[in-house]
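Colleague:
Protein chains: 2
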Amino acid sequence: MSLFFKIQNRDEDTSARTGIIHTAHGDIETPAFIPVGTIATVKTLSPLELKESGAQVVLGNTYHLYQQPGIEVIGAAGGLARFMSWDGPTVTDSGGFQIFSLSTTRKVSEEGVSFRSVYDGAMLKLTPESVLEIQRKIGADFIYALDECTPYPCEHSDVARAVALTSRWASRFIEAWKGTTELSDWFQAAILVVQGGVYEELRKESIEQLAELSPTGFAIGGLSVGEPQAEMIKITGYCCELLPDDKPRHLMGVGTPADMLYAIESGVDLFDCVMPTRNGRNGQAFTSNGIVNIRNAKYILDQEPLDTNCDCYTCRSFTRSYLHHLTVAGELLGLRLMSLHNIAYYLNLMKEARIAICEGRFILWKRHTEDAWREDT
Amino acid sequence: MSLFFKIQNRDEDTSARTGIIHTAHGDIETPAFIPVGTIATVKTLSPLELKESGAQVVLGNTYHLYQQPGIEVIGAAGGLARFMSWDGPTVTDSGGFQIFSLSTTRKVSEEGVSFRSVYDGAMLKLTPESVLEIQRKIGADFIYALDECTPYPCEHSDVARAVALTSRWASRFIEAWKGTTELSDWFQAAILVVQGGVYEELRKESIEQLAELSPTGFAIGGLSVGEPQAEMIKITGYCCELLPDDKPRHLMGVGTPADMLYAIESGVDLFDCVMPTRNGRNGQAFTSNGIVNIRNAKYILDQEPLDTNCDCYTCRSFTRSYLHHLTVAGELLGLRLMSLHNIAYYLNLMKEARIAICEGRFILWKRHTEDAWREDT
Numbered sequence: 002m003s004l005f006f007k008i009q010n011r012d013e014d015t016s017a018r019t020g021i022i023h024t025a026h027g028d029i030e031t032p033a034f035i036p037v038g039t040i041a042t043v044k045t046l047s048p049l050e051l052k053e054s055g056a057q058v059v060l061g062n063t064y065h066l067y068q069q070p071g072i073e074v075i076g077a078a079g080g081l082a083r084f085m086s087w088d089g090p091t092v093t094d095s096g097g098f099q100i101f102s103l104s105t106t107r108k109v110s111e112e113g114v115s116f117r118s119v120y121d122g123a124m125l126k127l128t129p130e131s132v133l134e135i136q137r138k139i140g141a142d143f144i145y146a147l148d149e150c151t152p153y154p155c156e157h158s159d160v161a162r163a164v165a166l167t168s169r170w171a172s173r174f175i176e177a178w179k180g181t182t183e184l185s186d187w188f189q190a191a192i193l194v195v196q197g198g199v200y201e202e203l204r205k206e207s208i209e210q211l212a213e214l215s216p217t218g219f220a221i222g223g224l225s226v227g228e229p230q231a232e233m234i235k236i237t238g239y240c241c242e243l244l245p246d247d248k249p250r251h252l253m254g255v256g257t258p259a260d261m262l263y264a265i266e267s268g269v270d271l272f273d274c275v276m277p278t279r280n281g282r283n284g285q286a287f288t289s290n291g292i293v294n295i296r297n298a299k300y301i302l303d304q305e306p307l308d309t310n311c312d313c314y315t316c317r318s319f320t321r322s323y324l325h326h327l328t329v330a331g332e333l334l335g336l337r338l339m340s341l342h343n344i345a346y347y348l349n350l351m352k353e354a355r356i357a358i359c360e361g362r363f364i365l366w367k368r369h370t371e372d373a374w375r376e377d378t
Numbered sequence: 002m003s004l005f006f007k008i009q010n011r012d013e014d015t016s017a018r019t020g021i022i023h024t025a026h027g028d029i030e031t032p033a034f035i036p037v038g039t040i041a042t043v044k045t046l047s048p049l050e051l052k053e054s055g056a057q058v059v060l061g062n063t064y065h066l067y068q069q070p071g072i073e074v075i076g077a078a079g080g081l082a083r084f085m086s087w088d089g090p091t092v093t094d095s096g097g098f099q100i101f102s103l104s105t106t107r108k109v110s111e112e113g114v115s116f117r118s119v120y121d122g123a124m125l126k127l128t129p130e131s132v133l134e135i136q137r138k139i140g141a142d143f144i145y146a147l148d149e150c151t152p153y154p155c156e157h158s159d160v161a162r163a164v165a166l167t168s169r170w171a172s173r174f175i176e177a178w179k180g181t182t183e184l185s186d187w188f189q190a191a192i193l194v195v196q197g198g199v200y201e202e203l204r205k206e207s208i209e210q211l212a213e214l215s216p217t218g219f220a221i222g223g224l225s226v227g228e229p230q231a232e233m234i235k236i237t238g239y240c241c242e243l244l245p246d247d248k249p250r251h252l253m254g255v256g257t258p259a260d261m262l263y264a265i266e267s268g269v270d271l272f273d274c275v276m277p278t279r280n281g282r283n284g285q286a287f288t289s290n291g292i293v294n295i296r297n298a299k300y301i302l303d304q305e306p307l308d309t310n311c312d313c314y315t316c317r318s319f320t321r322s323y324l325h326h327l328t329v330a331g332e333l334l335g336l337r338l339m340s341l342h343n344i345a346y347y348l349n350l351m352k353e354a355r356i357a358i359c360e361g362r363f364i365l366w367k368r369h370t371e372d373a374w375r376e377d378t
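Respectively, the protein sequence lines represent chains A and B. For what it's worth, our numbering labels the leading residue of the first sequence as 2, then goes sequentially. For what it's worth, our numbering labels the leading residue of the second sequence as 2, then goes sequentially.
Okay, here's the thing in structure tokens:
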């Protein structure tokens, strides 16, 4: 069983495309949004709700899973998907982003990176080989190479050094990947993570070096770390021009609905982001008419659904008045219902994008969608 | 439309009985457990999950709803059931229990009771008439008279005074109930709350005085306030012997599965309790083999469901290992899944009791059930 990505439709006016990724646990239609299940749970939501919302694949964070509940626990269950009772493909990132954003005490060497755990303060070390081994045990369908994720802003020389190190780590990761077999009976696709910050020539260097290693797919890392949206769009577009056309591209950690539409236009196939669940827990909903901050007092008596154009359980069943009440009262059902709507909104946006690309009207649909976001604001 | 309670089966060996309560929003088969939806939400659970678990009716707390979100908000939605999107009968208690257990600053007079809000510290006042008016606006199918709930232990003279006051308040409540019509187009049954602490002669006095007022049903209040289980069982049995046979009896705030089986044996028809959801959020599950404290390290690698005899979503889909992980990590999905199982367990226990009574084997079933609880402990 091997991962196979097939492009199905191309937009004539832009670089947008639709495709299908075949995995041992099911197909993924792209462009796709991957809900983030940090420690084997997409916060507040059940796997059944994810399935009913149209989720095709779930992402777990290696950095977190490695520390909680630990790899033996996930291994004993038969891998991440079985552990969390998710009937579909899974993805685990490398942990690079979390090591470089969460752990303040860290030491990067040629061998790997040491860091202080945010869980218990213990010093931990990850290498390209250990990250592979961990992800073999977690058993996701896509696994990611260890990378050095640079912050924003960051000096050119530091980014250049990180790009070179990321390439050498990627080479060791691919070596280890080729030298080992799956612990389970399914193929695990190797994804390499492009770095280079906002420097085009470094992105080019990173892509050229990683492409030589012939991974199953590519991820664009090091964005959504504080750079202006225009920079993110520019660099994403630049990367997509250089990346091999026939392999899937995952823009990591991005983003808002607007960010995703720009990236789809550039030819990105996969997204993951905590925004729909995190913002949902904070009372913020993404809707077809823009942002709704449900804590706002104007919703106290509002008998309308959160989004009149949405067919999710939250919008089918509850009023803004009720959601306002639950959120203000800090009731857990409120966190759930807001998260559920946001995830459904993100997944539906991807579905609409796929249909629009198929039907050759992506740019028109994108403009219409963006205009509607501004209606209420 | 009028509330009608019909007894269907009687156990030959005990006072247990099955029945049906007809309401404008559906029938309730008794004995029934009523999940507690304090401020219009059964904590962590959706109305859909309640329905799928077999819930027939939901209880809201007048004391809490009055303060959050407030009666106008619930009224604007068309009543409690519509506000929370619960497609079935609802019940609201009088607030008496909360006033006397939550609010430390309170002043009882003939007119009513003043107390300091636990929400914002404001001084509030409730009278038998205002409690009726509030519950008319909330629009539940059963509404409860204001009562003075005595603590445990409590002097005989204080309990006697509370019984007398509760009867005078009940009379004013029934007066107001008869003198007003429903704001909505459905019948609201008037339930009077028996007091009397652990003193049999005071319970008798309370029941005789309340029965003269011919309410639609009775509640047994003032238990589950700290008295020994044996006292609770004794007083419940005593009350059931004296209460009119043909009206439904609600044992308020009770209890553990064991408490409920004893009470069913005495002839109780309705129960409500926060225990399944509260204990679930604390990592404690009620199962057919007794209590499971899922935080216990022995469950770290346990691949069995919480309860092998349970058919709820939690038990169908997840292992103890996963539930242990979620609970230890404080993940909201863990609170949900544990609450969901406990509610399903309580509801299923009632269903089994009804079937056992119908089939004339209640005592055998009760013994078998109790024995199984002790198996693992």
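Note that beta-carbon positions come from the ideal geometry of N, C-alpha and C, so glycine has one too. Computed from a prediction, not measured in an experiment: that's the story for all the values here.
Return helix, strand or coil for A41/B, following the three-state DSSP convention.
Modeller: If DSSP states are grouped into helix, strand and coil, A41/B belongs with coil.
Colleague: Is the Cβ of N10/B closer than 8 Å to any Cβ of chain A?
Modeller: It does not: the Cβ of N10/B has no partner Cβ on chain A nearer than 8 Å.
Colleague: When you check each C-beta in the region 302-315 of chain B against every C-beta of chain A, which residues fall closer than 9 Å?
Modeller: Under the 9 Å Cβ criterion, the region 302-315 of chain B contributes L302, Q304, Y314.
Colleague: To which residues does DSSP link D28/B through a beta bridge?
Modeller: Paired residue(s): H23/B.
Colleague: Do you know offhand how far E376/A's Cα is from I292/A's?
Modeller: When rounded, the distance between both Cα atoms is 10 Å.
Colleague: Under 9 Å Cβ-Cβ, which residues of chain A neighbour T44/B?
Modeller: One detail in the question is off: residue 44/B reads as Lys in this sequence, not Thr. In chain order: E332, L333, L334.
Colleague: Report all residues from its chain with a CB closer than 8 Å to the CB of D308/A; omit the five preceding and five following residues, and keep chain order.
Modeller: Within the same chain, D308/A has close Cβ partners A286, T288, S289, N290, V293, C316, H342, Y346.
Colleague: Within 8 Å, do at least three Cβ pairs link the region 54-70 of chain A to the region 19-39 of chain A?
Modeller: Yes: the two stretches touch, three or more of their Cβ pairs being nearer than 8 Å.
Colleague: Report yes or no: is there a C-beta of chain B within less than 8 Å of the C-beta of H326/A?
Modeller: Yes, H326/A counts as interfacial toward chain B.
Colleague: Which one or two residues does DSSP pair with F6/B in a beta bridge?
Modeller: Partner(s): I22/B.
Colleague: Chain A beta carbons: is any one of them nearer than 8 Å to that of P129/B?
Modeller: Answer no: the Cβ-Cβ gap between P129/B and chain A never drops below 8 Å.
Colleague: So with Cβ pairs under 8 Å, would you call M339/A a contact of chain B?
Modeller: Judged by the 8 Å Cβ criterion, M339/A is not in contact with chain B.
Colleague: Between I344/B and T257/B, is the Cβ-Cβ spacing less than 8 Å?
Modeller: No, the pair does not count as a contact, with Cβ atoms beyond the cut-off.
Colleague: Exposed or buried, which one is A123/A when buried takes at least 16 other CB atoms within 10 Å?
Modeller: Per the 10 Å Cβ criterion, exposed.
Colleague: Between I192/B and A163/B, which are expected to be in contact by the criterion C-beta below 8 Å, what is the C-beta distance as a whole number of angstroms?
Modeller: Not a contact, Cβ separation roughly 18 Å.
Colleague: Between A298/A and chain B, is any beta-carbon pair separated by less than 8 Å?
Modeller: With 8 Å as the cut-off, A298/A does not count as an interface residue toward chain B.
Colleague: Tell me, to the nearest whole angstrom, how far the beta carbon of A1/B is from that of L125/B; I am working on the premise that it is less than 8 Å.
Modeller: In the structure as shown, chain B starts at 2 and stops at 378, and residue 1/B therefore has no counterpart that could be examined.
Colleague: Restricting to Cα atoms, I'd like to know which of F143/A, S118/A, S86/A is closest to S95/A.
Modeller: That would be F143/A, whose Cα lies nearest to the Cα of S95/A.
Colleague: Does the CB of I21/A have a neighbour CB from chain B at under 8 Å?
Modeller: Chain B contact via Cβ: absent.
Colleague: What does a CB cutoff of less than 6 Å around T320/A pick up in its chain, not counting 5 residues either side in sequence?
Modeller: Q304, listed in sequence order.
Colleague: For K248/A, count the other beta carbons within 10 Å of its own beta carbon; 16 or more makes it buried, fewer makes it exposed. Which is it?
Modeller: Classification of K248/A: buried, given that the 10 Å Cβ count is 16 or more.
Colleague: Who are the near neighbours of R169/B in its chain, counting only those whose CB is closer than 8 Å to its CB and skipping five residues on each side?
Modeller: Excluding positions up to five away in sequence, the list reads E111.
Colleague: Please list, in chain order, the chain B residues whose beta carbon lies closer than 9 Å to that of S54/A.
Modeller: Near S54/A there are no residues of chain B at all, since even the closest Cβ is about 14 Å away, more than 9 Å.
Colleague: Give me whichever residues DSSP pairs with A286/A in a beta bridge.
Modeller: The partner list for A286/A (beta bridge, DSSP) reads V293/A.
Colleague: Let me know the secondary structure DSSP gives T91/B once reduced to three states.
Modeller: The answer is strand: DSSP assigns T91/B an E or B state.
Colleague: Excluding the five sequence neighbours on either side, which residues of its own chain have a C-beta within less than 6 Å of the C-beta of A82/A, listed in chain order?
Modeller: For A82/A, where only same-chain residues beyond five positions count, the Cβ hits under 6 Å are T91.
Colleague: Rounded to a whole number of angstroms, what is the C-alpha to C-alpha distance between S157/A and Y200/A?
Modeller: At residue 157/A the sequence reads His, which differs from the Ser that was named. Between H157/A and Y200/A, the C-alpha separation is close to 7 Å.
Colleague: Taking M253/B and G222/B to be in contact with their CB atoms under 8 Å, please state how far apart those CB atoms are, rounded to whole angstroms.
Modeller: That belief holds up - the Cβ atoms of M253/B and G222/B are roughly 5 Å apart, short of 8 Å.
Colleague: Output needed in chain order: residues of the region 61-82 of chain B with a Cβ under 8 Å from some Cβ in chain A.
Modeller: Under the 8 Å Cβ criterion, the region 61-82 of chain B contributes Q69, P70, E73, V74, A77, A78.
Colleague: Cβ closer than 7 Å: which chain B residues qualify as neighbours of M85/A?
Modeller: Within 7 Å Cβ-Cβ: Y323.
Colleague: I need the boundaries of the beta strand (DSSP E) containing M233/B, first residue and last residue.
Modeller: It is not in any beta strand (DSSP E) - M233/B instead sits in the alpha helix (DSSP H) that spans 230-243.
Colleague: Applying the criterion that 16 or more other CB atoms from any shown protein chain within 10 Å of the CB defines a buried residue, is N349/B buried or exposed?
Modeller: So N349/B ends up on the buried side.
Colleague: What in chain A is Cβ-close to L49/B, meaning under 8 Å?
Modeller: Within 8 Å Cβ-Cβ: Y314, S318.
Colleague: Between the region 103-110 of chain A and the region 176-188 of chain A, do at least 3 Cβ pairs fall closer than 8 Å?
Modeller: Counting Cβ pairs under 8 Å, fewer than three are found: no touch.
Colleague: Using a Cβ-Cβ cutoff of less than 6 Å, which residues in the same chain neighbour T150/B once the five nearest sequence positions on both sides are dropped?
Modeller: Thr is not the amino acid found at residue 150/B; the sequence shown has Cys there. For C150/B, where only same-chain residues beyond five positions count, the Cβ hits under 6 Å are G97, F98, F101, G222, G223.
Colleague: Measure from the alpha carbon of V251/A to the alpha carbon of each residue in A259/A, G268/A, L243/A, then state which is nearest.
Modeller: Here the sequence assigns His to residue 251/A, which means Val is not the residue at that position. Taking only the C-alpha atoms, the option nearest H251/A is G268/A.
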